[in-house]
Amino acid sequence: LGAEIVDVKMPDISQYLSYINIISSAEALNSYIRFHSTDSLKIPWWVKNDLLHIGSKITGSEYANAVNMRIKCNSLISQVLEKIDVLLTPTLISPPHTFTSDSLHGDLNNKLLGTTFSQFVIPYNYSGSPSLCTPSGFTKDGLPLSIQFVGKHLSEPLLCQIGNAYEKSTRFTSVHPIL
91 LGAEIVDVKM PDISQYLSYI NIISSAEALN SYIRFHSTDS LKIPWWVKND LLHIGSKITG
151 SEYANAVNMR IKCNSLISQV LEKIDVLLTP TLISPPHTFT SDSLHGDLNN KLLGTTFSQF
211 VIPYNYSGSP SLCTPSGFTK DGLPLSIQFV GKHLSEPLLC QIGNAYEKST RFTSVHPIL
């Protein structure tokens, strides 16, 4: 496809990832209050019991600290992205697994919940870096795999162009797993 592949060293940002739950819980509560307070019956139980409950206990100081930690994390990620056009990563650390209500919506007090399985997705969600995921193959058992293209801020057109070229050069989007 004409891309030059180079290795990059990603900084250790693990110390910052626990703050994503503080930010997402506080922002979920704020959105709920602004947009959904009259539709409380439509809110899933796990949102009410976990995310909104945790969000209601976060202080302004905790939220401000979490935002500051996100800014530091964003700076580290931006330093890597400045040197390249696009970062290519796996989407997840392993093939899909069976999800249960507990594994999907477990204890949100566990600050690192989901960050291991989603360690290639969360940093870019957290930093606001645009990313695009596309099918990249299948396991020997037929489970789908995917890759993620990550770009600098405002690089969405480039990501779509690269993703489109990748998908056209492979047949992964036309093959579906057996369910």
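In our numbering, the protein residues as written are 91 to 269.
For every residue, glycine included, the Cβ atom is placed at its ideal position computed from N, Cα and C.
Quiz item: Expressed to the nearest angstrom, what Euclidean distance is found between the alpha-carbon atoms of Ala118 and Leu142?
Solution: Our two residues, Ala118 and Leu142, have alpha carbons roughly 7 Å apart in a direct line.
Self-check item: Residue burial classification, Leu107 (beta-carbon count within 10 angstroms, cutoff 16)
Solution: Around the C-beta of Leu107, 16 or more other C-beta atoms lie within 10 Å, and the residue is accordingly described as buried.
Self-check item: Residue interval of the beta strand (DSSP E) (run including Pro180)
Solution: 176–180
Quiz item: Does the segment 145–160 touch the segment 219–233, meaning 3 or more C-beta pairs lie closer than 8 Å?
Solution: Contact between the segment 219–233 and the segment 145–160 is absent: fewer than three C-beta pairs spanning the two stretches fall below 8 Å.
Self-check item: Close beta carbons around Ile252, own chain, < 7 Å, minus the five adjacent residues each side
Solution: Val176, Phe239
Quiz item: Exposed or buried, which one is Gly241 when buried takes at least 16 other CB atoms within 10 Å?
Solution: Of the residues assessed, Gly241 falls on the buried side of the cut-off, its CB having 16 or more other CB atoms within 10 angstroms.
Practice problem: Label Ser264 either buried or exposed according to how many other C-beta atoms from any shown protein chain fall within 10 Å of its C-beta, with 16 as the threshold for buried. | Solution: exposed
Quiz item: Would Ile144 pass as a contact of Tyr216 if the rule is Cβ separation under 7 Å?
Solution: In this structure, Tyr216 does not lie closer than 7 Å to Ile144 by Cβ.
Exercise. Give me the Cα-Cα distance between Tyr214 and Ser151, rounded to the nearest whole angstrom.
Key: 24 Å
Quiz prompt | Residue nearest to Ser245 in terms of C-alpha spacing, selected from Pro134, Phe262, Ser168 | solution = If we check each option's Cα against that of Ser245, Ser168 comes out closest.
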